[in-house]
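Take a look at the structure below.
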Amino acid sequence: MRADLVTALRCPVCADGLLLADRTARCPRGHSYDLAKQGYLNLLPAASNGIEGDSAAMVGARTVFLGTGHYAAIRDALILASELGEEDLVVEVGAGTGYYLAGVLGLGPRRRGIALDVSKFAARRAAKVDPRIASVVCDAWHELPLVDGSARLMLNVFAPRNAAEMARVLAPDGRLLVVTPNQQHLSELVHVLGMVSVDQDKERRLQESLAGKFDRVSSEVVEETMRLDKTAVEQLVLMTPSARHVNYRELLQQIAVLREPAIATLSVTLSTWRPR
Numbered sequence: 001m002r003a004d005l006v007t008a009l010r011c012p013v014c015a016d017g018l019l020l021a022d023r024t025a026r027c028p029r030g031h032s033y034d035l036a037k038q039g040y041l042n043l044l045p046a047a048s049n050g051i052e053g054d055s056a057a058m059v060g061a062r063t064v065f066l067g068t069g070h071y072a073a074i075r076d077a078l079i080l081a082s083e084l085g086e087e088d089l090v091v092e093v094g095a096g097t098g099y100y101l102a103g104v105l106g107l108g109p110r111r112r113g114i115a116l117d118v119s120k121f122a123a124r125r126a127a128k129v130d131p132r133i134a135s136v137v138c139d140a141w142h143e144l145p146l147v148d149g150s151a152r153l154m155l156n157v158f159a160p161r162n163a164a165e166m167a168r169v170l171a172p173d174g175r176l177l178v179v180t181p182n183q184q185h186l187s188e189l190v191h192v193l194g195m196v197s198v199d200q201d202k203e204r205r206l207q208e209s210l211a212g213k214f215d216r217v218s219s220e221v222v223e224e225t226m227r228l229d230k231t232a233v234e235q236l237v238l239m240t241p242s243a244r245h246v247n248y249r250e251l252l253q254q255i256a257v258l259r260e261p262a263i264a265t266l267s268v269t270l271s272t273w274r275p276r
């Protein structure tokens, strides 16, 4: 992890800034956090101990599925909406493997990214995706371990939204890009495979979650038809929250009788917000 990325972080105990020396991040008050051997920094507050986030199996499935490019349309839309300068800092909340964050950073050698996720298994993956990215374990529902106004852009893709903290971390002229699933998203597979369906009140809950801290600038629907082989269908289910609810043996039996390629609709809304 690069030392210049650590300077954008702050101590989860006292909120003082952190500096990196000899693989240890320290604040002026003496709180210290050692880099894991996999390259990530664990800044999870004590109150969040026991929270694990996505499992190793879920993260592994996500790595395989995203690596095939089936969700490339989402990443491409984020890239087009990012409008980054050459030295901007991008923060992704709920970054998972860092797939979207690495795409948004693009080819700008001086751009920097911080991947936040509560899962140490996701953090391990994100730590290796791009040297410009610092991977940090934290709890999005608590204070984010970032300096006030440090981010030019924040990404939130299928992830929790802590409006007050995101607004604090964003620069006054910064922007928040949020990706949420629409009712049509994966509709062909939801009932057949017993997947978790999209909440009909998703749009209302999005508005409520950001109300008072952000104003919506724009929104667009990203939609396309995916043609998935049976392996891709399996990885898709196993990378989502549905993995916690399905019986794996039954899932394989259900997938076995699907036509190949299986048709599934990718349908999400990308909305852009500015802090008030």
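Numbering (UniProt numbering), first residue to last: 1 to 276. C-beta: ideal position from N, C-alpha, C; glycine also. Just so we're clear, the structure is a prediction, and the values are computed from it rather than from any experiment.
Please state if the CB of residue 240 and the CB of residue 184 are separated by a distance shorter than 8 Å.
For residue 184 and residue 240, no; Cβs fall outside 8 Å.
Helix, strand or coil, according to DSSP, for residue 231 in the structure here?
Correct three-state label for residue 231: helix.
Taking DSSP as the reference, what is the three-state secondary structure of residue 112?
strand
Buried or exposed: which applies to residue 324, given that a residue is buried once 16 or more other Cβ atoms fall within 10 Å of its Cβ?
Within the shown structure, residues of the chain are numbered from 1 to 276, placing residue 324 beyond reach of any answer.
Is residue 106 buried or exposed, if buried means 16 or more other CB atoms sit within 10 Å of its CB?
Flag for residue 106 reads exposed.
Do residue 140 and residue 171 have their C-beta atoms closer together than 8 Å?
Contact annotation: residue 140 and residue 171 have beta-carbon atoms that are not nearer than 8 Å.
Put residue 90 into one of helix, strand or coil per three-state DSSP.
strand
Contact defined as beta carbons within less than 8 Å: I believe residue 178 pairs with residue 206. What is the distance between those atoms, to the nearest angstrom?
7 Å
Would you list, in sequence order, the uninterrupted beta strand (DSSP E) runs of no fewer than 3 residues that lie entirely inside the segment 16-70?
With a minimum length of 3 residues, the continuous beta strand (DSSP E) runs that stay inside the segment 16-70 are 19-21, 24-26 and 32-34.
Kindly confirm or deny that the segment 50-69 and the segment 114-129 touch, where touching means at least three C-beta pairs closer than 8 Å.
Enough Cβ pairs lie closer than 8 Å, so yes.
From what residue to what residue does the beta strand (DSSP E) around residue 154 run?
151-157
Give the DSSP bridge partners of residue 141, in chain order.
Answer by DSSP bridge pairing: none, since residue 141 is not bridged.
Buried or exposed for residue 109, please, with buried defined as at least 16 other CB atoms from any protein chain shown within 10 angstroms of its CB.
exposed
Helix or strand or just coil, what does DSSP make of residue 83?
coil
Coil, strand or helix - residue 276 by DSSP:
coil
Less than 8 Å between the beta carbons of residue 233 and residue 194, yes or no?
It is not a contact, given that the beta carbons lie outside the stated cut-off.
Let me check understanding here. Comparing Cα to Cα, which of 68, 17, 8 and 41 lies closest to residue 229?
For residue 229, the closest C-alpha among the options 68, 17, 8 and 41 is that of 68.
Which one or two residues does DSSP pair with residue 226 in a beta bridge?
264
Pairwise C-alpha distance: residue 134 and residue 104
Between the alpha carbons of residue 104 and residue 134 lies a gap of roughly 14 Å.
For residue 160, does the three-state DSSP call read helix, strand or coil?
The three-state secondary structure of residue 160, taken from DSSP, is coil.
Taking DSSP's pairing of strands, which residues face residue 180 in a bridge?
269
Starting from residue 220, follow its DSSP beta bridges and name the residues at the other end.
270
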